[in-house]
Amino acid sequence: MTDGDRLQQLLDRIDRLNAEDPSRDVVEGTPQPRELIYAKRLTGWVLRLNPKASEALRIAARGQHVRRWTVPRSRYPMNRAGYLRWRETLKAFHADTIAGLMREEGYPDDAIQRVRTLMGKRQLGTDPETQTLEDALCLVFLETQFADLRRKTSEEQMRQIVRKTWGKMSERARAEALTLPWSDADRRYVEHAVVGH
């Protein structure tokens with residue numbers, strides 16, 4: 002089996018796991034598993050930002066939310082501490098799941114560790130691939146979740162969310178964000194919220 006075959010086999014396995022998500026998002030009129038769509042969107046942004054993305058970065062993107070629905074937010078206290086604990090649990094769960102799949106596909110330990118590092122975003126600010134993954138995560142949020150969240154969230158809280166998101170993004174990702182097909186009102190909102198960044 003070639004390295005390309007092994008990568009495709011691994012990505013297919015991740016996709017099959019994410020296809021089990023009972024939640025659905027409608028894409029082009031067809032309900033599809035939410036985490037499968039998320040993983041493909043994230044991979045798409047990674048490849049748009051870096052067409053020569055490494056195998057590790059492609060795996061990290063595809064596996065970022067693998068089987069996320071099996072660790073529901075409702076299991077944790079509905080406060081900031083509970084939210085942060087949930088997020089840390091998810092990071093470990095996703096990385097462990099992907100590491101197990103990689104091991105089964107014959108990946109060496111150093112490749113598995115690299116994917117863990119990327120998924121944990123422990124080198125954000127010093128590692129270009131980690132920045133690419135973070136940029137892609139932010140772009141998926143801004144492209145697919147921002148408008149809905151804005152309607153449900155207080156003005157001040159939303160402004161903080163947008164500023165925090167913008168602060169994590171590279172200049173390249175910020176430029177890409179400004180090309181997203183937002184409504185005029187959403188575009189003005191983002192531009193106003195990030196003045197000074």
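Numbering-wise (this note's numbering), the sequence shown opens with residue 2 and increments by one. Heads up, the beta-carbon is just placed ideally off N, CA and C, and yes, glycines get one too. The model shown is predicted, which means the values in this text are computed figures rather than measured ones.
Open item on the list: So within the stretch 68-123, which uninterrupted alpha helix (DSSP H) runs reach at least 4 residues, ignoring any that extend past its ends?
Closed with: 81-105 and 110-121
Task: Distance CB(R68)-CB(E36) smaller than 9 Å - done: yes
- [ ] Following the continuous beta strand (DSSP E) through Q33, name the residue where it begins and the one where it ends.
- [x] T31 to P34
Task: First and last residue of the uninterrupted alpha helix (DSSP H) at D22 - done: It is not in any alpha helix (DSSP H) - D22 carries neither H nor E in the DSSP assignment.
- [ ] Go to Q158, then tell me how far its alpha helix (DSSP H) extends in each direction, as first and last residue.
- [x] E156 to K169
Open item on the list: Please report the distance separating the alpha-carbon of A112 from that of L119.
Closed with: 11 Å
- [ ] Keeping to the same chain, check which residues put their C-beta closer than 8 Å to that of R76; ignore five residues upstream and five downstream.
- [x] W87
- [ ] On a CA-only basis, which of W167, S55, Q65 and E156 is nearest L91? Give me that one, please.
- [x] Q65
Open item on the list: With distance defined between alpha-carbon atoms, name the residue in G101, K165, A186 and A62 nearest to D149.
Closed with: A186
Open item on the list: Quick check: R42 and Q33, are their CB atoms within less than 9 Å of each other?
Closed with: no
TODO: Using alpha carbons as the reference points, say which of Q161, G168, D136 and A40 lies closest to A20.
DONE: A40
Open item on the list: Can you give me the C-alpha to C-alpha distance between M170 and D136, rounded to a whole angstrom?
Closed with: 5 Å
Task: 9 Å Cβ cutoff met for C139 and A100 - done: no
Open item on the list: Would N51 and E172 qualify as a contact pair, given that the criterion is a beta-carbon distance under 9 Å?
Closed with: no
- [ ] Decide if V47 is buried, meaning its Cβ has at least 16 other Cβ atoms within 10 Å, or exposed.
- [x] buried
TODO: Reducing DSSP to helix, strand and coil, say where V47 ends up.
DONE: helix
Open item on the list: With the cut-off set at 9 Å, would you say Y190 and R152 are in Cβ contact?
Closed with: no
Open item on the list: Need the endpoints of the alpha helix (DSSP H) that K53 sits in, please.
Closed with: Premise fails: K53 is in no alpha helix (DSSP H) and is neither H nor E.
Task: Beta-bridge partners of V27, as assigned by DSSP - done: P32
Open item on the list: Does P182 come out as helix, strand or coil in the three-state DSSP assignment?
Closed with: coil
Task: Buried/exposed call for V141, threshold 16 Cβ in 10 Å - done: buried
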